[in-house]
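Visitor: If you read the protein sequences in the order shown, they are chains B and Y. For the first sequence, position 380 matches number 380 in my numbering, and the numbering has no gaps at all. For the second sequence, position 211 matches number 624 in my numbering, and the numbering has no gaps at all. We put the CB at the ideal spot given by N, CA and C, even for glycine. Please read all numbers here as calculations on a predicted model, not as lab measurements. Please see the structure below; I have some questions.
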Amino acid sequence: MPFYEAVRLALQTIRAQKLKSAFSVIGVFIGVTFLIAAVSIVNGMNRYMTDKFAASIVGVNTFQLRHRPNVGFNVPDSVWRSWRRRPRITFADAEAVTRGMSVPGVLTSWFSEDQGTVEYGGKIAKSIDLQGAGADYFTIKNLNIVQGRPFSPQEAKAGIPVAVMGWELADKLFAGNDPIGKTIKIQGLPYTVVGVVEKQGTMLGMSLDKFVVAPATSPIQRDVNPPHVVDALMVKANTIPEMNLAMDQTEGIMRARRHLRPNQDDNFALETSAAVLDWWSGINRLMVAFGPGIVLISLVVGGIVIMNIMLMAVAERTREIGVRKSLGAKRKDILRQFLAEAITLSTVGAAAGIAFGIILTLLIQAFTPLAAQVAPWSVGLGVVLGSVVGVVFGTLPAMRASKLDPIAALRQE
Amino acid sequence: MTHQEFVTGDTPLPDIVILTHKLAREYIMGTETVRALRGVSVQIRRNEYVAVMGPSGSGKSTFMNLVGCLDTPSSGEYWLNGQKVSDLGDDDLARIRNKEIGFVFQTFNLLPRADALHNVELPLVYAGMRAAERRKRASEALARVGLADRMHHRPNELSGGQRQRVAIARALVNNPSILLADEPTGNLDSATSNEIMGVFKDLHRQGQTVVMVTHEPDIAANAERVVTLRDGLVHTDQKQAA
């Protein structure tokens, strides 16, 4: 009997016993659903982190000079305390690095940020990201101005109180009216609005449009940082090698300024998008460590369930096996029939798991801030695992069926 | 009744379909050895209609299992259609059952979830025939037993007589050398029994060799020869007017 006949027969049997079949494949179904969903989340988040998160936090080909790393995963307390004791980056440090680098085409911008309140005409927006920056900040972070203009290098240098708002902040305070030229109050200080940044959307459920950018040396500086101190100096190069060269030069300049001896570690941090990705891969590793375990356990449990169902089926259908043997079925025909049934069962379970996993992924995409994306290889793996479970756990029942003595099998009631 | 004396080492004559020579079968039950058959020598010619009778314990079931190639003898020879099958292995026996033997059982033994057509197709599936050809042959076999209009009925939608007809169609679909029936009327009322016996008679008239195991004398009366077993040996073997 060819294999496709056996599969056809198996599908008939499954159709005839829908409820029993549904229960028997539940383990495989859950295992594969989890596989697809977990891989989709890891995959989607990976892509998200590399493409969007890292780029929007740090920027492409960009590094930040900071007194300590901005993002950290599992940082011990002692390290954290030593980071807090480090000297901050000063205006003078930032100036020296900007002047000292010899990489062509680099852009730099001072950068400081804090949370605060912005007001206009009686409307108050709280928890707004207040950013102090240089004129090149908009280029470095690839922020497009949709209304008005960015502030100029002259305004940045002179510390003129002008501001560029994020889209959501503008919408909240001005509700569609033209904000350009209006005076808003940032932490109570008057600023003139010169521009609005294009809508950025959300990241992990947080809005990227609730911010206001003003020149780093403008009055708001006093509210954000101690005098003459910035959170970071942003440096953007045109290529990765140029960025690495700029980082080397920055390190040299800073070590010289801080009078560090060769055996002393840097007491500042140069953070790239790679650092953000490191932080992510730490979380990722956890998922990768636990995910396969959960999948494996559910598949083994699912396989054992299928094996028991098949052993029951062999016992129930002993007479059928006897009849088939009397009509000329060879051992391998019976073996193939029951193996095909087990494989078909578990593959059907896996297919249902794949379908549900994809639905789950779409639901996660639609209703949670998590970025999920189905990985094609996980679908393939689901199918393969489904049939492997069928083969592994179907063999014993199928062997038992094929070895039945036809006379005894026919005699069974 | 029998023909020439058969000696080990001989080959049966071409018109002998079934030849058993000192066929014996012993079972070991715990410490006891049960000798179900003690040496049965029978020859059945092509197109004979033979009934095998005997009280329970006479060895007729064992004889039927051996003739049906469901079992192998402890000693002795069994030749089926010119081939010595008494020393074949499992898979070869399965092939012989598929090609040479058509079984009809007391309890019909149809697959309950499959319709009549699919039940009749089964031997052809194991013969490796293609689906279209299979379907054609199976529907022809069903038509032969008068069930052309019941092909897509399941066994539980058929009467006892119709079920046994499906089983007969299934037995015949591979054009076997022998039709081997084990108490074919045991589960049928007398009217239906007569109907089935009519089918057997027709098949015999068309040239089919029929071997029927039964314990009912009036059923055995349909055959043209009756072999009676007792205590694992041939007790009587006589022709009768059919």
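Would you kindly report the start and end of the unbroken beta strand (DSSP E) that includes D650 (chain Y)?
Guide: 646-652
Visitor: For a contact meaning CB atoms closer than 8 Å, what does P536 (chain Y) contact in chain B?
Guide: L327, G328
Visitor: Thinking just about the alpha-carbon of each residue, which of B:D178, B:P161, B:A158 is nearest to the one in W167 (chain B)?
Guide: B:D178
Visitor: Using three-state DSSP, classify Q264 (chain B) as helix, strand or coil.
Guide: Q264 (chain B) falls in the coil class under three-state DSSP.
Visitor: Quick check: the Cα distance between T13 (chain B) and P597 (chain Y), rounded to an integer number of angstroms?
Guide: 29 Å
Visitor: If you pair each beta-carbon of the segment 422-433 of chain Y with each one of the segment 389-399 of chain B, do three or more pairs fall below 8 Å?
Guide: no
Visitor: Mind pulling the chain B residues with CB within less than 8 Å of D500 (chain Y)?
Guide: By Cβ distance, chain B contributes nothing, its closest Cβ being about 18 Å from D500 (chain Y), past 8 Å.
Visitor: Which runs of the beta strand (DSSP E), 3 residues or longer, sit entirely within the segment 153-189 of chain B?
Guide: 162-165, 183-186
Visitor: Is the separation between the beta-carbon of V28 (chain B) and that of G302 (chain B) shorter than 8 Å?
Guide: yes
Visitor: Which residue marks the beginning of the alpha helix (DSSP H) containing M399 (chain B), and which one marks its end?
Guide: Residue range 376-402 is occupied by the alpha helix (DSSP H) that includes M399 (chain B).
Visitor: Short check: CB of P589 (chain Y) to CB of G515 (chain Y), under 8 Å?
Guide: yes
Visitor: Contact check, L535 (chain Y) vs R324 (chain B) under 8 Å by CB: the rounded distance?
Guide: 7 Å
Visitor: Using the beta-carbon of each residue, which ones in chain B are nearer than 9 Å to R508 (chain Y)?
Guide: G328, K330
Visitor: DSSP state of R88 (chain B), grouped into three classes?
Guide: coil
Visitor: Quick one: what does DSSP say M564 (chain Y) is sitting in, helix, strand or coil?
Guide: It is coil, neither helix nor strand.
Visitor: Could you have a look at G293 (chain B) and say whether DSSP puts it in helix, strand or coil?
Guide: helix
Visitor: Leaving out the 5 sequence neighbours to the left and right, which residues in its chain are closer than 6 Å to R583 (chain Y) when beta-carbon positions are compared?
Guide: N532, V533
Visitor: Taking 8 Å as the CB-CB limit, is T415 (chain Y) close to chain B?
Guide: Its pLDDT being 47, under 50, T415 (chain Y) is placed unreliably by the model, and the measurement read from it follows with that caveat. Not one chain B Cβ lies under 8 Å of T415 (chain Y).
Visitor: Going by DSSP, what residue range makes up the alpha helix (DSSP H) through A214 (chain B)?
Guide: Per DSSP, A214 (chain B) belongs to no alpha helix (DSSP H); it is in the beta strand (DSSP E), 211-215.
Visitor: Which residue comes first and which comes last in the beta strand (DSSP E) that contains D114 (chain B)?
Guide: 107-120
Visitor: Looking at R510 (chain Y): is its Cβ nearer than 8 Å to the Cβ of G481 (chain Y)?
Guide: Taking a C-beta distance under 8 Å as the contact criterion, R510 (chain Y) and G481 (chain Y) qualify as a contact pair.
Visitor: Indicate whether at least one CB of chain B lies closer than 8 Å to the CB of L483 (chain Y).
Guide: yes
Visitor: Put H531 (chain Y) into one of helix, strand or coil per three-state DSSP.
Guide: helix
Visitor: Quickly, what does DSSP pair T62 (chain B) with across the bridge? List them, please.
Guide: B:K236
Visitor: Would you kindly work out how many angstroms separate the C-alpha atoms of A437 (chain Y) and V453 (chain Y), rounded to a whole number?
Guide: Rounded to whole angstroms, the separation of the alpha carbons of V453 (chain Y) and A437 (chain Y) is 7 Å.
Visitor: What are the residues that DSSP puts in a beta bridge with E445 (chain Y)?
Guide: Y:M442
Visitor: Under 8 Å Cβ to Cβ from I89 (chain B), same chain only, skipping five residues before and after it: list those, please.
Guide: L65, R66, H67, V229, V230, D231, A232, L233, F268
Visitor: Would you say L335 (chain B) reaches chain Y, if we count a Cβ-Cβ gap shorter than 8 Å as a contact?
Guide: It does not; no Cβ of chain Y falls within 8 Å.
Visitor: Say whether chain B places a C-beta atom closer than 8 Å to the C-beta of A540 (chain Y).
Guide: yes
Visitor: In chain order, what residues of the same chain have a beta carbon less than 6 Å from the beta carbon of R547 (chain Y), not counting five sequence neighbours either side?
Guide: E534, L537
Visitor: Of the residues Y:Y539, Y:T520, Y:I429, which one's Cα is nearest the Cα of A329 (chain B)?
Guide: Y:Y539
Visitor: Alpha carbons only, please: which of B:F338, B:K332, B:I359, B:Q17 is nearest the one belonging to R508 (chain Y)?
Guide: B:K332
Visitor: Assess contact between the segment 204-218 of chain B and the segment 234-248 of chain B, defined as three or more Cβ pairs (one per stretch) separated by less than 8 Å. Is contact present?
Guide: no
Visitor: Going along the segment 5-24 of chain B in order, which residues come within less than 8 Å of chain Y, judged by CB to CB distance?
Guide: E5, Q12, T13, A16
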